[in-house]
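A short write-up of the structure that comes next.
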Amino acid sequence: MDPRLLEILACPVCKGPLLFKRDAQLLVCRLDRLAYPIRDSVPVMLEEEARQLAADDALLER
Numbered sequence: 212m213d214p215r216l217l218e219i220l221a222c223p224v225c226k227g228p229l230l231f232k233r234d235a236q237l238l239v240c241r242l243d244r245l246a247y248p249i250r251d252s253v254p255v256m257l258e259e260e261a262r263q264l265a266a267d268d269a270l271l272e273r
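If you want the working numbering, it's the position in the sequence shown, counting the first as 1, plus 211.
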């Protein structure tokens, strides 16, 4: 994922920052506990495509 793209992407729900989880190919919003998939190197930034994360999910860790 291009670092410049990561700088401008924001959560579509809260407009907050996203964490790139390279191994899982996800962009994670810690505030909303949502994980957005990356498919074929393209982030899918749709709320209905995001996976809700449990409060204790390891993906929420920095």
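No residue lacks a Cβ here, since even glycine has one placed at the ideal position from N, Cα and C.
Whole-number beta carbon distance between Leu-264 and Ala-246, since they are thought to touch under 8 Å: Residue 246 sits at position 35 when you count from the first residue of the sequence shown. Residue 264 sits at position 53 when you count from the first residue of the sequence shown. Right, their Cβ atoms sit about 6 Å apart.
Measuring alpha carbon to alpha carbon, tell me which residue in Leu-270, Met-256, Arg-215 is nearest Cys-225. Translated into the one-based positions of the sequence shown, residue 225 becomes position 14. Ranking the options by Cα distance to Cys-225, first place goes to Met-256.
Would Leu-270 and Leu-237 qualify as a contact pair, given that the criterion is a beta-carbon distance under 8 Å? To locate residue 270, count along the sequence shown from 1; it is residue 59. To locate residue 237, count along the sequence shown from 1; it is residue 26. Closer than 8 Å, so yes.
From the DSSP output, which residues share a beta bridge with Ile-249? Within the sequence shown, numbered from 1, the residue matching residue 249 stands at position 38. DSSP, once it has assigned bridges, lists Pro-254 as partnering Ile-249.
Checking 8 Å against the spacing of the C-beta atoms, do Ala-221 and Arg-244 come in under that value? Reading the sequence shown from its first residue, position 10 is the one you call residue 221. Reading the sequence shown from its first residue, position 33 is the one you call residue 244. Against a cut-off of 8 Å, the Cβ pair of Arg-244 and Ala-221 comes out as no contact.
Below 7 Å, is the gap between the Cβ of Ala-221 and the nearest heavy atom of the ligand SAH? Although the ligand SAH was asked about, the structure shown includes no ligands whatsoever.
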